[in-house]
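Let me begin by presenting the structure, written as structure tokens, before commenting on it.
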Amino acid sequence: MSTLCHWLSLMLGLWSLASLADESLHYPADPSAGPPHTLVINAALDLPQAEPVLQAFHRLHPEVELTYHNFTTLDLHQHFLDAPDAADVMISSAMPWQYQLANDGHAREQLSANALDWPAWARWRHELFAFTFEPIVMVVRRELDERYGALQGHADLLALLERHSRELSGRVVTYDPARSGAGYTYAIEESRLSPRYWELVAALGQTRAKLVDTTGEMLDGLVEGRYLVGYNLLGSYAREVVAANPELRLVVPDDYTLVIRRLAFVPQHAPHPETAGRFLDFLISETGQRILAEQTALGAIHPVLNGPGTAEALRQELGDALRPIDLGPGLLATLDDLKRQTLLMRWKREFSRYNALMP
Amino acid sequence: MTLPDSLYRRLLVWLLLPLLALGGLMLLLAWSEARRTADRAFDRLLEAATLAIAEQVQRQDNKLWLDLPPAALKMLATDAEERVFYSLVDQDGSLVTGNAELPGDPRGDTESDDIHLFNDIEWRGLPLRQGVRRSRLEDWRQREHFEVRVAHTREGRDALTRELLRGNLAYILAMAAVAITVLLLAIRAALAPLTRLRRAIRTRDPRTLEPLTLPLPRELAELRETLNDLLARMRRVHANQERFIGDASHQLRTPLAGLSARAELALRQEDPARWREALFAMQTTSARTARLAMQLLSLTRLNNPEYHPDLAPLDLNVIARQAVRDHWSQCQRSDIDLGLEEPPDPDPLIISGVDWQLTEALNNLIDNARRYGARCITVRTRATPPTLEVEDDGPGIPAELRRGMLRPFHRGNEALEGSGLGLAIVEGIARSHHATLTLDTDQDGRGLCVRLVFPEEAQ
């Protein structure tokens, strides 16, 4: 168990690009609106993405004194294990960890009308609710397109890397699965999708791809021009940076696209379960989801929404290529200590396959 | 609130209660059977999952190694979205990997051939079904035992159990409905003869004492026979009464006819001396008739089962002395020796009784003795138990006739005058005093000794 904990802390610490500092938002209660309520949300979701929903909820329920803490996924998970009765709502993109907490019985059942109507593929029991739809994307600099033709999917990337490994040496960036939980999760999912993934890893090794910890680092390097291709970036964060930098292009792979979904639950020992349930209900209500679709890059799931920024729109665009990470007990296998070691050994072996041959 | 007792209700309660208990038992059995079936079906999943995991266990870097197949965990979560737990434990019982420390095989017998175990456990308050597979790593050199444990929550099993039970429940409910309907009809049918008997009794002519003849089931036929016995007894009582009335009217008619004839004869005479003679005779006859009428009345009263005299404490010695005093001169005239014997103890002999009835009884007994030719009559009292005796040296009554003597109008000797009511009246008085009447001989085996033994006075 102790090795597992060690590993957890290491991985979770490097999970997302959420800042390490404790960020908070506070919305005081309006005393004229009625008897005051308190709500504490602990999340791994950046403030700019979270703010529109929080504001809308507070407008609807001004009597609620709302406190929002943004943590890294490690801090969030550790915080929860230390004090399971501190937060009213837990939000995180670390799907396996959220699933593990719910599987162990830490989540409270929600039976509001919206919760009961929520599509089965986006929830687990009525305890764990997925409320976003975030594709894992590639980001390329337009100069790459001009030189080698437009990159559209994994097959293109593999062909590009194999053909021009010397020219692209050091100019490709991706997650280090050994140090980043997100990178590890994507690696294990992709290795399950196709054995050709290992060819891609070998090709990445051949081009001496840079391995980093967060989407943020990748985006910084791409903006600065240090990298030409970024592989496996969190789409919701990349989208805004790409929009602000015309020399970058967002590639949603057309052969397959992993999709992660942020998961929210109300802890069993939440201090204000009623208000928490109301917030969760708002998060998956049509109103809340519309705000996600229109004012954030998180992607809304609600089945009646089909405009831009929704899962439905992405589905129409990509069809069968979408591979949402399954919200089920397979996630527990992802967290298995030995499994991780097995995968990482294989990953390292494949990554250095050609390097070992070279002098 | 208490409901009035009823056979219908009793039968209903005693038949419905076991029926309901039986129904409950069937439900329980159906439930446990459904649960067993569901468990059997779902235990296959546990078995498959442990197998899928066990197949991936290998030895690497000198320790147990597992590349956990996600499918093994996925197959444990059905549509019911069960919580899933797994662990791999080496032969020392320490956890190699897993998301929960499951208790494993409680038997602790790792050499047993039975490599599977399914049991219900509780883990952190969650009721789980656990599947354990004991396996062995076959290496070139070493053999290493290990245990794969998987568990999941019961939602899927419970859903299947409910589904199976629903099918059985409809069955059981239909059977219960049929059973209860049949039961109600059967009780109604079984109690119908009772209603017939009631109707038959109610519609009878109230004056008739004829036996009931309607056909009835055995249990009620016994009741009918008992009723018929009662009716027969009533017929006999009725006949006795009629004979008594007949006898009584005969007894009264004879002296009255005699009086009438005597008066008529006297009226034809002119001689006042004859008149006087006739008047004497008529006076004797009318006195005797009056006495007879009085005896008949008191006998009728004593024979009335509803008659309960008010008993008062009185002294038997006083009654006996008074009776002897009353009869003294009469007996002297007839040259009869009338005596009184009292216990030496001077205390009064107190019993509960009616003084005039006891006096009457003594009068009857002394009269009888006199009339049947006794020369010596002794009235005797005894203290414990309180006893009143009249003993004479007359002819006595043979033992076999003594019972008959107690019947009204029964005379030991038809030739002698007397009503034949004396002993019957004494017997009635004895009965109303709860006393025992015995007829016996005196100490020497001669004559007659009539003994009234009173109950001991409760102090």
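In order, the protein sequence lines correspond to chains A and B. My numbering applies: residue -15 is where the first sequence begins, and numbers increase by one. My numbering applies: residue 165 is where the second sequence begins, and numbers increase by one. C-beta: ideal position from N, C-alpha, C; glycine also. Nothing here was measured: the structure is a model prediction, and the numbers come from that model.
Span of the alpha helix (DSSP H) holding residue i?
i                 : result
Ser164 of chain A : Unbroken run through Ser164 of chain A: none, as it is neither H nor E.
Gln190 of chain A : 180 to 190
Leu212 of chain A : First-last for Leu212 of chain A: undefined, no H or E at that position.
Glu111 of chain A : Looking at the DSSP string, Glu111 of chain A is not in any alpha helix (DSSP H), and its letter there is neither H nor E.
Arg299 of chain A : 295 to 302
Gln325 of chain A : 321 to 335
Glu127 of chain A : 126 to 132
Glu270 of chain A : 270 to 279
Tyr172 of chain B : 171 to 220
Tyr471 of chain B : Per DSSP, Tyr471 of chain B belongs to no alpha helix (DSSP H) and is neither H nor E.
Thr158 of chain A : From DSSP, Thr158 of chain A is part of no alpha helix (DSSP H) but of the beta strand (DSSP E) over 156 to 159.
Glu555 of chain B : Premise fails: Glu555 of chain B lies in the beta strand (DSSP E), 551 to 556, not in any alpha helix (DSSP H).
Thr163 of chain B : Residue 163 of chain B cannot be examined here, being either before or after the span of chain B that is shown, 165 to 623.
Asp101 of chain A : 97 to 101
Any idea which residues DSSP pairs residue i with across the strands?
i                 : result
Ile515 of chain B : B:Leu478
Trp287 of chain B : B:Leu290
Ala315 of chain B : B:Phe249, B:Gln294
Gln224 of chain B : B:Lys227
Leu463 of chain B : In the DSSP output, where bridge partners are listed per residue, Leu463 of chain B has none listed.
Arg271 of chain B : Beta-bridge pairing links Arg271 of chain B to no other residue.
Met122 of chain A : A:Val235
Taking the beta strand (DSSP E) that residue i falls in, what are its first and last residues?
i                 : result
Ser8 of chain A   : 7 to 11
Trp229 of chain B : 227 to 230
Asp501 of chain B : 501 to 505
Tyr52 of chain A  : 48 to 54
Ile541 of chain B : 540 to 546
Leu603 of chain B : 600 to 604
Using DSSP with H/G/I as helix, E/B as strand and the rest coil, what is residue i?
i                 : result
Pro251 of chain A : strand
Ser76 of chain A  : strand
Met239 of chain B : coil
Ala579 of chain B : Unreliable positioning characterises Ala579 of chain B in this predicted model, as indicated by a pLDDT of 47, which lies under 50. A coordinate reading is not provided.
Ala427 of chain B : helix
His256 of chain A : coil
Pro308 of chain A : strand
Gly262 of chain B : strand
Ala193 of chain A : coil
Ala27 of chain A  : strand
Thr448 of chain B : helix
Glu302 of chain B : strand
Thr372 of chain B : coil
Phe41 of chain A  : helix
Tyr335 of chain B : helix
Ala91 of chain A  : strand
Arg615 of chain B : strand
Leu281 of chain B : strand
Ala244 of chain B : coil
Thr241 of chain A : strand
Phe310 of chain B : strand
Leu282 of chain A : coil
Asp322 of chain B : helix
Val590 of chain B : helix
Ile561 of chain B : coil
Asp14 of chain A  : coil
Ser61 of chain A  : One point to set straight first is that residue 61 of chain A is His, not Ser, in the sequence displayed. Looking at His61 of chain A - three-state DSSP - the assignment turns out to be helix.
| query | Of all the residues that make up the segment 324 to 342 of chain A, which are near chain B by a beta-carbon distance shorter than 9 angstroms? | reply | Gln325, Thr326, Leu327
| Contacting positions in the segment 246 to 271 of chain B - beta carbon closer than 9 angstroms to chain A | Glu246, Arg247, Val248, Phe249, Tyr250, Leu252, Leu259, Val260, Thr261, Gly262, Asn263, Ala264, Glu265
| request: Report the residues of the segment 235 to 252 of chain A with a CB closer than 8 angstroms to any CB of chain B, ordered along the chain. | output: none
| Residues from the segment 191 to 213 of chain B in contact with chain A, defined by Cβ distance under 7 angstroms | The residues in question: there are none.
| said: Does the contact criterion of 3 or more C-beta pairs under 8 angstroms hold for the segment 354 to 370 of chain B versus the segment 204 to 211 of chain B? | reply: no
| query | Got a sec: which bits of the segment 273 to 304 of chain B sit with their beta carbon under 8 angstroms from any beta carbon on chain A, in order along the chain? | reply | Arg288, Gly289, Leu290
| field | Sufficient close CB pairs (3 or more, under 8 angstroms) joining the segment 196 to 204 of chain B to the segment 308 to 327 of chain B | value | yes
| request: Could you run through the segment 219 to 233 of chain B and flag, in chain order, every residue whose CB is less than 9 angstroms away from some CB of chain A? | output: Gln224, Leu228, Trp229, Leu230, Asp231, Leu232, Pro233
| query | Are the segment 232 to 240 of chain A and the segment 118 to 125 of chain A in contact at 8 angstroms, needing three or more beta carbon pairs? | reply | yes
| task | Residues of the segment 48 to 68 of chain A with a CB closer than 9 angstroms to any CB of chain B: list them in chain order, please. | result | none
| query | Which of the residues in the segment 68 to 89 of chain A, read from start to end, lie with their CB under 9 angstroms from any CB of chain B? | reply | Contact residues of the segment 68 to 89 of chain A toward chain B are Gln84, Ala86, Asn87, Asp88, Gly89 (C-beta to C-beta distance below 9 angstroms).
| query | Given 8 angstroms as the limit, is there contact between the segment 308 to 321 of chain A and the segment 230 to 241 of chain B, that is, 3 or more CB pairs closer than that? | reply | Yes, the segment 308 to 321 of chain A is in contact with the segment 230 to 241 of chain B.
| field | At least 3 beta-carbon pairs within less than 8 angstroms: the segment 451 to 460 of chain B vs the segment 480 to 500 of chain B | value | Counting Cβ pairs under 8 angstroms, fewer than three are found: no touch.
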